[in-house]
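Protein chains in written order, with the numbering used here: chain A, -6 to 1014; chain B, 5 to 211.
The structure under discussion appears below in the form of structure tokens.
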Ligand code: FES
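Written out as structure tokens, the structure is:
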């Protein structure tokens, strides 16, 4: 809907460029998505490097993936993309004009080091006399006035802190200029103002942090061993100030008792932040798990008000972490931290029953909340956009990514506190929206990436280079990386071997190019993480070095080695050596393979006509591509039709109706109602789908991409007398009544709501995310209708994340009673005297410390969400589903709407439970991502196809029979018959090779020789 | 009690399911014994029957092949073809007197890291119990490995492969992908030829 409310650009063709403000993960991802869609990007970053907060994190929840490892490839990609112009140390001053045609004025502070000339050698830092606090390391370490934020920073150029530099301030020193061999120091650089013409603006400035006054209240700044979570994060990190040792700042001893305090500056009226920061519950669990990895004996306690792990798979991850890490979880909020003069810190708190508790700890970690960015006001003035009362960008439920000014969008934490997957999702969504708004300007300002000509290596002896990665401590903490490197040097044809702290960083990539050149390498082996995620990055680097990308092989010594043998360093090191030996053996047999380009059918198929599917279809159509929308029911709209109000009191059905009309009227959208996908074949760029239509002939459509938006349903409860007593209903049924003219029957005085019915370990293993918000919304509606009404909400954790916390507070202020029940002790519901008399709800009240019975005139069950059965579609498209029957995305953090099969995307409830605004943003993201192959116009599949040796082929036709893609065919030649691969159709499975009676068929990269070499190399261990 | 034997295990994992499961086991930090070495293939359908035999000949005590669940192969029916190759491997092992448990083909979907860990943990334990190749069988290891190498060569021969592809054709035609059905198809098509390997002096296969 946001996509449509933006007026079209006035007067002629819109600009094909977009300004993205903020170089954190949201800004970087949207930049990459935008260039893929054919737009030029000006990426404006306030600090000296892109990467944002994610670059400072050690690990990420819930997978404990190394944060920089998954981010660095994106930073590198952004750094080398010719269509992304990165402006660091820059801010937006003003924005004038109209959507499609804005003029942005950007002020760029000098770096005092020439970005182009700087080689990143670090001599300037070495010679710089002026020490400054190291901001990247939360001031737990020192840096110099001439510095780089962190070694993997993009751009890989140093810069000078103008406030600290002796030369700039006192005209003394200037040693760096003497030391710099490249002559890159420029003391005379001046501030500049640049004018940029862009069609749209994306605001991704990230978040600010809760102020120091709040932290001081908890002893931070006064007691050394009170740390913020951001500081603690740096302590845990291998590249941090202590090299990854968690030690107390006061005595450098390992803390034996650690407390994590939640909601510091969040959910706290006194500091003006009533909202929930939405990420701290998760990062605290992550930090606790890592603290456990560092010390198996430490006592770790987490203090929670509510445990809000409502994201996909988060509850399961939390439960596992708590069980495995043996953490103590306390529901309570210590009011302050005191020093008791024995080097320890005293915490006092009241538990659920109001009893006072106190205990001493060695280290206290404050889960510091998120605030709007410090420059929010300046930004709102510069862009003329509205802010909400908490100074975040004001947005609407139905246009979650649009600010109050057309053509200016907002993503990431500035739109409201959120985690990485949600930020990345929004990044994809905003790219889709810009692409719709500026469709006619597509490809008008972009250039194609160019690679140097490929070096012909045929006939050369293999010269293998081996690069072994420490991956911070992810590998290096277990595997003896240097021993592996030295071992690699002894292997045949290896002419070069080295180790890197992070192989995927931009400077390492540049280094790789230089080394390939210098040592005339013609095969490259990287021993690091998994080829599934990182191979493309290294292959791009190979191309930069003039090598064919097929001359590359990875040894997986992290995901399948150091991470799974954490307690057996010697065995893991042996395994890593074996993996390297096998990879080198294969690499020696690799050959350069020709690339092919396949055309893409420029259209999409969207399955599901609910809010997600409608939004996705409309966005794709607006981006300029034909779309077929398949809906099972007769009418479009899905489950939103069951809602009667959103939390602001608007009727979502009104918005939905408008959306349906737009979809039905759109010239590029074909709606197939009462239809079902009967079969799918093909692959990204070239899918063919058969659609069965009720009462009509089935339809066959060709399309380039597929979006799955199959939605979900309300869980149907069998518990709590549902279906037996007319007094018991679900929130949706209540919602329906509340939309009717006379919602409540007379005599209803007491309402009870029960949360997590079906969810969180009952029939459904997961948290359904929206039920807490829905209960609050309906409780408020009831209260506003009848203030006398008594309402009790029985809950496990009120998951009123983000601004929903306002509703939670409002409900309590209006007198709604909230009482926590424990998972083992759910409320009991018994029938009243008559069949339709009030039911009795009995629950344990922790505050009274006893069982309480209430006669409920109305019992409302907050039931979970069950996804539509995905199995059939999953089978047809060969995409995986989770144990909970949601589609499984390619990467939970960084590819949240892509499925592992190229060209297939997911959004809405089919992905996981989520609210309307989140569904819309995700559908826009799926649409944005889906249009990438369409905008590119062609795909270059990996050259792993089969080929037939005509000398050996006897024309038996077995391969033709077995090929699932009809990618191999028999042709007549002179007297005989021979097989031949149709490369464009071959997907490289290798069945033909395994079945060929004369072994006449071989596969690209997975050759018989190569695999046999791996087998032999295995045996040599 | 003596230290349990530390078996050498070679695995062939398909890119889309089992290899991904292995990665996700890592992401989840599920721990398992460090005995497995992995060769990534795009699909278990790529598995040439000679690969496992060659692996055993080359020093493995046990071989694991991991793919997608039946019906979920990323390329449709690659894992059924893998079952055909696997049947021949088992058939060959039986003839050479090698315990059939030294070769395992099993499935784990991309989302099943824990399942992968369970399979590998169990298999490693079993392989440790079986001990070094040949020991449990009461065969001279060096001679056995020699015979396995010959068997691998034999599996690359035209005659046995023709039998295999005929078995595969019948499997596709019959549409019954149960392991024993496939095994009996392979037995029917390859038994006679296999006799050449063991009966008439091993290693004289064509190829
Ligand atoms: S792709 Fe996994 S078995 Fe075929």
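Cβ atoms here follow ideal geometry from the backbone N, Cα and C, with glycine treated the same way.
Since the model is a prediction, treat every value here as computed from it, not as a measurement.
Using the Cβ count rule (16 or more neighbours within 10 Å means buried), how would you classify residue i?
| i | result |
| --- | --- |
| residue 926 (chain A) | buried |
| residue 156 (chain B) | buried |
| residue 344 (chain A) | exposed |
| residue 841 (chain A) | exposed |
| residue 776 (chain A) | buried |
| residue 5 (chain A) | exposed |
| residue -3 (chain A) | Low local confidence applies: a pLDDT of 42 at residue -3 (chain A) is under 50, so the model's placement there is unreliable, with the coordinate-based value given in what follows. Classification for residue -3 (chain A): buried. |
| residue 821 (chain A) | exposed |
| residue 209 (chain B) | At residue 209 (chain B) the pLDDT is 35, less than 50, meaning the model places this residue with poor confidence; the figure from the coordinates comes in the next sentence. By the 10 Å Cβ count, residue 209 (chain B) comes out buried. |
| residue 124 (chain A) | exposed |
| residue 162 (chain A) | exposed |
| residue 882 (chain A) | buried |
| residue 65 (chain A) | buried |
| residue 1010 (chain A) | buried |
| residue 991 (chain A) | buried |
| residue 693 (chain A) | exposed |
| residue 855 (chain A) | buried |
| residue 1017 (chain A) | What the structure shows of chain A is the stretch from -6 to 1014, and residue 1017 (chain A) is not part of that stretch, so it cannot be assessed. |
| residue 47 (chain A) | buried |
Could you round the C-beta distance between residue i and residue j to whole angstroms and report it? I think they count as a contact, below 8 Å.
| i | j | result |
| --- | --- | --- |
| residue 168 (chain B) | residue 88 (chain B) | 6 Å |
| residue 177 (chain A) | residue 107 (chain A) | 4 Å |
| residue 194 (chain A) | residue 134 (chain A) | Actually they are not in contact, since the Cβ atoms of residue 194 (chain A) and residue 134 (chain A) sit about 36 Å apart, beyond 8 Å. |
| residue 66 (chain B) | residue 8 (chain B) | 14 Å between Cβ atoms; not a contact. |
| residue 457 (chain A) | residue 516 (chain A) | 4 Å |
| residue 425 (chain A) | residue 917 (chain A) | 5 Å |
| residue 835 (chain A) | residue 846 (chain A) | 5 Å |
| residue 766 (chain A) | residue 640 (chain A) | 7 Å |
Give the single residue among the options whose Cα lies nearest to the Cα of residue i.
| i | options | result |
| --- | --- | --- |
| residue 319 (chain A) | A:289, A:196, A:117 | A:289 |
| residue 874 (chain A) | A:412, A:892, A:182, A:888 | A:892 |
| residue 569 (chain A) | A:612, A:522, A:150, A:36 | A:522 |
| residue 944 (chain A) | A:969, A:619, A:920 | A:969 |
| residue 166 (chain B) | A:987, A:998, A:1013 | A:987 |
| residue 8 (chain A) | A:640, A:262, A:93, A:100 | A:93 |
| residue 931 (chain A) | A:808, A:955, A:678 | A:678 |
| residue 857 (chain A) | A:646, A:809, A:762, A:959 | A:762 |
| residue 179 (chain B) | B:73, B:34, B:81 | B:81 |
| residue 72 (chain A) | A:118, A:146, A:12 | A:146 |
| residue 84 (chain B) | B:135, B:52, B:15 | B:52 |
| residue 140 (chain A) | A:899, A:118, A:215 | A:118 |
| residue 427 (chain A) | A:32, A:743, A:572 | A:32 |
| residue 814 (chain A) | A:833, A:843, A:830 | A:843 |
| residue 999 (chain A) | A:340, A:579, A:297, A:435 | A:579 |
| residue 24 (chain B) | A:268, A:1002, A:852, A:526 | A:526 |
| residue 786 (chain A) | A:634, A:752, A:747, A:823 | A:747 |
Near the ligand FES, which residues have their beta-carbon closer than 7 Å to a heavy atom?
Those satisfying the condition are, in chain order, A:982, B:18, B:19, B:20, B:21, B:22, B:46, B:47, B:48, B:49, B:71, B:72, B:77, B:78, B:79, B:82, B:83, B:86.
Any contact between the segment 655 to 667 of chain A and the segment 756 to 776 of chain A? By contact I mean 3 or more CB pairs, one from each, below 8 Å.
The segment 655 to 667 of chain A makes no contact with the segment 756 to 776 of chain A: fewer than 3 CB pairs, one atom from each, lie closer than 8 Å.
Given 8 Å as the limit, is there contact between the segment 273 to 280 of chain A and the segment 304 to 315 of chain A, that is, 3 or more CB pairs closer than that?
Touching, per the Cβ criterion.
Determine, using beta-carbon pairs with one atom in the segment 222 to 233 of chain A and one in the segment 372 to 392 of chain A, whether at least three such pairs fall under 8 Å.
Output reads no: the segment 372 to 392 of chain A does not touch the segment 222 to 233 of chain A.
Take every Cβ of the segment 721 to 733 of chain A, pair it with every Cβ of the segment 611 to 630 of chain A, and state whether three or more of those distances are shorter than 8 Å.
No contact exists between the segment 721 to 733 of chain A and the segment 611 to 630 of chain A.
Tell me, please, whether the segment 256 to 263 of chain A touches the segment 485 to 504 of chain A by the rule of three or more beta-carbon pairs shorter than 8 Å.
Fewer than three beta-carbon pairs drawn from the segment 256 to 263 of chain A and the segment 485 to 504 of chain A are found closer than 8 Å, and the two stretches are therefore not classed as touching.
Three-pair Cβ contact test at 8 Å for the segment 691 to 705 of chain A versus the segment 593 to 605 of chain A
Remark: three or more beta-carbon pairs, one from each stretch, lie closer than 8 Å, so the segment 691 to 705 of chain A and the segment 593 to 605 of chain A are flagged as touching.
Segment contact, 8 Å Cβ cut-off, at least three pairs: the segment 30 to 37 of chain B with the segment 124 to 144 of chain B:
Remark: three or more beta-carbon pairs, one from each stretch, lie closer than 8 Å, so the segment 30 to 37 of chain B and the segment 124 to 144 of chain B are flagged as touching.
Please confirm if the segment 44 to 60 of chain A is in contact with the segment 9 to 21 of chain A, defined as three or more CB-CB distances below 8 Å between the two stretches.
Taking 8 Å as the limit for Cβ pairs, the verdict is that the segment 9 to 21 of chain A does touch the segment 44 to 60 of chain A.
Count the C-beta pairs between the segment 884 to 902 of chain A and the segment 411 to 419 of chain A that are closer than 8 Å, then say yes if the count reaches three, no if not.
Yes, since at least three Cβ pairs between the segment 884 to 902 of chain A and the segment 411 to 419 of chain A fall closer than 8 Å, the two stretches touch.
Take every Cβ of the segment 162 to 176 of chain A, pair it with every Cβ of the segment 396 to 410 of chain A, and state whether three or more of those distances are shorter than 8 Å.
Below 8 Å, too few C-beta pairs join the segment 162 to 176 of chain A and the segment 396 to 410 of chain A to call them touching: fewer than three.
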